[in-house]
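See structure below.
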Amino acid sequence: MANASLSRQQLNGRVAGYAGMVVVLLIIGLPMFWMLSGSLKTLREIYTFPPQWIPRNPQWSNYREAWNTVPFDRFYLNSLIITVAGSSLQIVNGTLCAYAFAFLKFPFKNVLFLIVLAALMVPSEVVILPNFLFFGNTVRDWFGLENNWIDTYQAIVLPGAATAFGTFLMRQGFLALPRDVLDAAKVDGAGHIRTMFGIVLPMAKPIVITFALISIVNKWNDYLWPLIITRSVELRPITVGVRLLYDAEGNNNWGVIMAGTTFVVLPLIVVYVFAQRFIIDGLTAGATKG
């Protein structure tokens, strides 16, 4: 009886788990499928009720029209520059800070780490106005520049150069590494630079790759700050530039807009398909050490 009861509990738990996954898949997958389906529909098919999930006559011309209407090639280049520069700065800063909090001893270490954790609770929107004023006036006054940094790449990238989440995530991953290997390196006379690059980073590769992917996705998807800090179309990333497909009077061709939105999300889908294994490994790497 006990075994039968246990088997039934396991079965119920498994069924509940699969049901939860199906619900999550529908919540995430249906909007994605509707976007892809809508990008191949005519305007009449999009407004048809009940909804028509599969387009009868796929309108591949929507993609060509979207690409030719706005400079997607320039937007892709801007997003690539912003993503590579921004994520690189976050990875470097996050790695160095995480190593310091994990292995170095210095005054007020725990207090500073609590401040880092507190920064995780602060919404990014809170610092938009201070950052805008800083790059608009303070930078020019401090460095004696003729112009401010509004509408520049550095103004888009630099506010996100530091990362509280990356510091916390990689610190937890570093603390989960076997201490015996690190102690052996210390006995052999390895300094911090050699220990970090020769031992810690190779052993913590999953967590570093995971944070790199998260940083890349966040930088690519960043919308509000680039919208505020840029004025010229030539500097805007693809997430902001796709808004040019909208008609100011509301006469929108939603098939073309969804085709343009597909251009935005397609690179991230490719990244996730090839990197999902590293994300799972990295997120579980620091789960056993506090």
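Numbering of the sequence shown is given in the UniProt record's numbering, commencing with residue 1 and proceeding in unit increments. For glycine and all other residues, C-beta sits at the position ideal for the given N, C-alpha and C.
- Annotation for Asp73: the continuous alpha helix (DSSP H) segment containing it runs Phe72 to Phe103.
- In the three-state scheme derived from DSSP, where H, G and I count as helix and E and B as strand, Thr163 is classed as coil.
- A Cβ-Cβ separation of about 6 Å places Asn221 in contact with Thr239 under the 8 Å criterion.
- Inter-segment contact for the segment 166 to 179 and the segment 187 to 205 is present: three or more beta-carbon pairs are separated by less than 8 Å.
- Every candidate beta strand (DSSP E) stretch fails here, since none sits fully inside the segment 198 to 226 while reaching 3 residues.
- Approximately 20 Å separates the beta-carbon atoms of Leu224 and Val70; this is outside 8 Å, ruling out the contact.
- Counted as a single uninterrupted DSSP element, the alpha helix (DSSP H) harbouring Pro130 occupies residues Ile128 to Leu133.
- Taking a contact to require three or more Cβ pairs closer than 8 Å, the segment 148 to 163 and the segment 75 to 95 qualify as touching.
- Secondary structure note for Lys109: its alpha helix (DSSP H) is the uninterrupted segment Lys109 to Leu120.
- Straight-line spacing of the CA atoms in Ser232 and Val127 works out to 23 Å.
- Here DSSP, grouped into helix, strand and coil, assigns Glu146 to coil.
- Taken in chain order, the complete alpha helix (DSSP H) segments of 4 or more residues contained in the segment 237 to 279 are 238 to 241.
- Ile207 is not a Cβ neighbour of Gly255, given a cutoff of 8 Å.
- Taking Met35 as reference, the option from Leu266, Gln10 and Leu145 with the minimal CA-CA separation is Leu266.
- Taking the Cα positions, Ile81 is about 11 Å away from Ile216.
- Per the coordinates, the alpha-carbon of Met258 lies some 42 Å from the alpha-carbon of Glu146.
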